[in-house]
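Residue numbers (my numbering), protein chains in the order written: chain P, 1 to 412; chain A, 1 to 412.
So, in C-alpha cells, the structure goes:
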C-alpha cells in the first residue's frame, strides 16, 4: 500500500477527553477514530490488526474442534426471560428497546441464543460434545467508558460455547481451551497469566487471562514460584495458598475469561440428552470469551515506546515500512519502488511512504507512531554501494545492509 | 469436513410460519436457524456461503480502489440530528434507545458517520477522491419481516461511500461501481439487471440491481431490445422511452442499490475542500450498497430444484460431496477416506457423508437439500473397476468415471 493513498493520517495530538493510552496511540497513529465514548471506528490500519487478531483466534478455535457460527446481535426478549436475565439487575448492561415484533435487546453475551440452538440438534449422547464459536460485535450499556478499546460500549467478541455429556468431558475440553488461549495470547505477543477469578452459580472459580500492566482495571495476587495467580476479588489474603509466602500485587487487563457453566443455562430450557441406557441426562456447558478489540487495546498498552506503537509480526497491519531519505529524490524513489515491487510480489505486506512534501523528521515521526516491525530506509548515504538501512523495531537496532540481503531476509 | 460432526442437521419440514422459499430451503438444509421474524443465525454451512459472498464483494471493492474500514453499529444521536434524519418520519426504521452517554440508534445506513470521518482527513483537492467500504450487520425496524433473508431486521450489508471534487469524478467512479457490481453478481451466479429507480434529494434516478423472479418485491418494466429497465415506481408508462414498444413486466429482488448523493450529506456538516485556486468547494458523494445476506437469500430463491438448493462453485460451502452406496461398507469407507484425503490435501473443500445408520435414500435426500456442486458416490456397482459415480449438479448428469480422473478433474 502506498501511504499517500492510505486512508487515515497520523495526528500530533490525541483528541481532548481521550484519557486512555491505547486509544490515544491508536488514534494518533491513524488506526481508529473515536465516534463517542466507548465507540470507535476502525480505519484501514486498525481493521488489518483487528482481522489479524481474529484470524489467530479463529485458527486456534478450529484447532480444538470448534465450528464457527454467527448469531444475531438483535435478541428477542423471550429466551432472556427463560433464564431470568431479562430484568435481572446484574444484566442492566443490556440495551433494551421496543420495535415491531419486539421488545428486543442487544447481545452482550449469547448463552440465551446458543443453548436453544444446540438443543434443536442434540438428542443423544452420540451428538455430544458440541463446540461452537462466533466472532461478532457485542454491546454493553457501560456507565463509564474511558478505557479506549479496553471497555467499549460496542466491542468485538469471540465467544465459544461447549456442550458435554458429563463433567469429565467438560473438564477435558476446558483444559484444551486453556491451552488454546495460551497459544492465542502468545501469538498476539501478550504475556497473559491464567488467574483464578470469581465463579458463577455453578463453580466456585472461573479463570481469567490477565496481562499485567499498570493500566489494567484488575489487581492480581501473583506467586511466581508456584505459578499461582488469583484475582484480588476472590481472596483477601496476600499469602500464597500453596507456599504461604507473600505474593506480588500486579494491575491486570483481563483479555479472556472462561467459565464452567454446568447446567445453569441448559436447565432453564430443559435441555437434556439421552444416554446409552436411554435415560434423559442434563447437558453440561462451558463458555469461553476473548475480546479481539480488547486484545488490540491491550497490545497497544503494553507494546509501545515513547514515540509510538510497536506491533509484533503476527499482528502488524503491514510487515515492512519503506521510507526514503536524502536529496536525490528520483534515484531514491526508483529504489523504493523496486523494493516495494519485489517484496509485494513475494507476498509481503508493505507500506511505502511516498507522501510528497514532508521532511525526513516528519516521515520518521509518523513511522514511529505507526510502529511496523521492519523498517527500510532508502537513503543517499548508502545507495552508491547498493545498501539500505534496515531497522528491526523489536531490537531497536539499525544496520546498513546490501539491498539483496534485505529483500532475501524479508521474503522469509 | 466429516458430515457426522458438522453442526446442523437437515430437516424434512421448514418451521411453521416461515413462508419464504429462501428461508425454508436454507433452514431445511441446515444453513441457517430462525431466531425470530427477520432474525436468523448462520450455522457453519450458511456462514461459509455468507463468507464467500462477502469475499467476492471485498475483492471487487478493492479492485476499484476502495479501502475497507469498520464503523460501529451503535450511533450517537448528534450526527443524525445534523442531517435531520433522527426524527425524520422516513427514518422510523431506526431502532432508538437510551443509555449511558446516549441516546443511541442502531445503524441502518452510515452516511451520518462516514461523512464526518472522511471530513477529518480531507482538506485539499489532493486528498480526493476517497472511497471507503465496510461489511457489517445493519438493523431495521421492519414492520413485516416475512421474506427470510430478503428483508431482515438484522442483515449483513456492504456499504461503499465515495467522495469527489466534482461531478465528472463522481460520474466516472459511479460507472466503475456499476461495472464492479456486475462482476459481483456474475460471480455469485445471479443475472442482475441494472434498473433505473427513484432517486433522492440530489438526483432524479438511482440505480438498482434487480434479480428477476416471482418472489421479489419489485416490479420492473424491462425492454430487452434496448437493454433499458425501470422500476415501476418511477414510471407509469409500460412503453419503452427509447423504442416506444411495450415492455415486459418482471417481479424482481433488489440485491444492490447505488446513489449519487451529491452534497446532501456533506453540506449538512459543512464538508468542503480547497481547490487549486485556494477556494473552498463542496465535496460530492456517492453511496453503493449490497446486502450479502440478501444475495444469499436471492441465490437460494433462484438457484434451487424441487429437491433442494443448488450452489454455484463460487459460493458453495464445500465444493465436493462424497457419499457411499452399497453393502460392502468397509471397502467403500476406505475408498471414501482415500478420496477425501486426496482432495482435501489439494485444497479442495470437501464434505464427506460418514454418518452411520442411514439408508441410501436418506443420504441422497440430504445431499440434494444441501446442493453442493460436485457429488461423488462411491458404490459397489463400479468399485471393482476402480470407478466412482460423478454428478455435476449444474448439469444434472451422472457418469461413472475412473477414480484417478475424478480426483484430477476436481483438483482443478
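For glycine and all other residues, C-beta sits at the position ideal for the given N, C-alpha and C.
- CA-CA distance, residue 70 (chain P) to residue 379 (chain A), rounds to 36 angstroms.
- Under a 10 Å Cβ-count criterion, residue 360 (chain P) is classified as exposed, with fewer than 16 other Cβ atoms of the shown protein chains found around its own Cβ.
- In this chain, the beta strand (DSSP E) harbouring residue 32 (chain P) covers 32 to 36.
- With fewer than 16 other Cβ atoms inside 10 Å of its own Cβ, residue 124 (chain A) counts as exposed.
- Among the residues of chain A, none has a CB under 9 angstroms from the CB of residue 138 (chain P); the nearest is roughly 10 angstroms distant.
- Per the DSSP secondary-structure output, residue 160 (chain P) pairs in a beta bridge with P:133, P:288.
- Residues 218, 219, 220, 221, 249 of the same chain have their beta carbon placed closer than 8 angstroms to that of residue 232 (chain P), with the five preceding and five following residues left out of the count.
- Within 8 angstroms of the CB of residue 97 (chain A), the CB atoms of chain P belong to 95, 96, 97, in sequence order along the chain.
- One finds 37, 38, 141, 142, 143, 144, 145, 153 in chain P with Cβ atoms closer than 9 angstroms to the Cβ of residue 100 (chain A), taken in chain order.
- For a cut-off of 8 angstroms, the C-beta gap from residue 142 (chain P) to residue 39 (chain P) is around 10 angstroms, too long to register as a contact.
- Think of a sphere of 7 angstroms around the beta carbon of residue 318 (chain A): no beta carbon from chain P falls inside it, the nearest being about 13 angstroms out.
- Distances from the alpha-carbon of residue 333 (chain P) to those of P:372, P:192, P:376 put P:376 closest.
- Taking a cut-off of 8 angstroms on C-beta distances, the segment 159 to 170 of chain P touches the segment 117 to 134 of chain P, as three or more cross pairs fall below it.
- By the Cβ neighbour-count rule, residue 240 (chain P) is buried, with 16 or more other Cβ atoms within 10 Å of its own.
- With contacts defined by Cβ atoms closer than 8 angstroms, residue 6 (chain A) and residue 44 (chain A) form a contacting pair.
- In the DSSP assignment, residue 362 (chain P) falls within the alpha helix (DSSP H) that extends over 360 to 370.
- Annotated three-state conformation of residue 100 (chain P) is coil, per DSSP.
- Of all C-beta pairs linking the segment 350 to 366 of chain A to the segment 321 to 328 of chain A, three or more are shorter than 8 angstroms, placing the two stretches in contact.
- Apart from sequence neighbours up to five positions away, the residues of its chain that approach residue 84 (chain A) with a beta-carbon distance below 8 angstroms are 268, ordered along the chain.
- Using beta-carbon distances, residue 13 (chain P) does not count as an interface residue toward chain A, since no partner is under 8 angstroms.
- Per DSSP, residue 385 (chain P) is not a residue of any alpha helix (DSSP H), being assigned neither H nor E.
- In the displayed model, residue 42 (chain P) falls within a strand according to three-state DSSP.
- Nearest CB-CB separation between residue 218 (chain P) and chain A: not below the 8 angstroms threshold.
- Between the segment 41 to 58 of chain A and the segment 293 to 300 of chain A there are three or more inter-stretch CB-CB distances shorter than 8 angstroms, so the stretches are counted as touching.
- A residue is called buried once 16 or more other Cβ atoms fall within 10 Å of its Cβ, and residue 165 (chain P) is buried on that count.
- Sequence-ordered contacts of the segment 52 to 74 of chain A with chain P read 67, 68, 69, 70, 71, 72, 73, 74 [C-beta pairs closer than 7 angstroms].
- Residues of chain P whose Cβ lies closer than 9 angstroms to the Cβ of residue 358 (chain A) do not exist; the shortest such Cβ separation is about 13 angstroms.
- Contacts with chain A (Cβ-Cβ distance below 7 angstroms) from the segment 21 to 34 of chain P involve 33, listed in chain order.
- Here residue 297 (chain A) carries a helix assignment [DSSP, helix/strand/coil].
- Just measuring C-alpha positions, the residue of A:184, A:112, A:111, A:101 sitting nearest residue 152 (chain P) is A:101.
- The three-state secondary structure of residue 193 (chain A), taken from DSSP, is strand.
- Among the residues facing chain P, residue 8 (chain A) is included, as its CB has a counterpart in that chain under 8 angstroms away.
- Take residue 167 (chain P), set aside five residues on each side of it, and the residues of its chain with a beta-carbon closer than 8 angstroms to its own are 284, in chain order.
- Around residue 42 (chain A), the beta-carbon contacts reaching into chain P at under 7 angstroms are 69, 70.
- Scanning chain P for C-beta atoms nearer than 8 angstroms to the C-beta of residue 121 (chain A) yields 7, 8, 9, reported in chain order.
- Short of 8 angstroms from the beta carbon of residue 188 (chain P), and not among the five residues preceding or following it, lie these beta carbons of its own chain, in chain order: 53, 56, 295, 299, 312, 314, 315.
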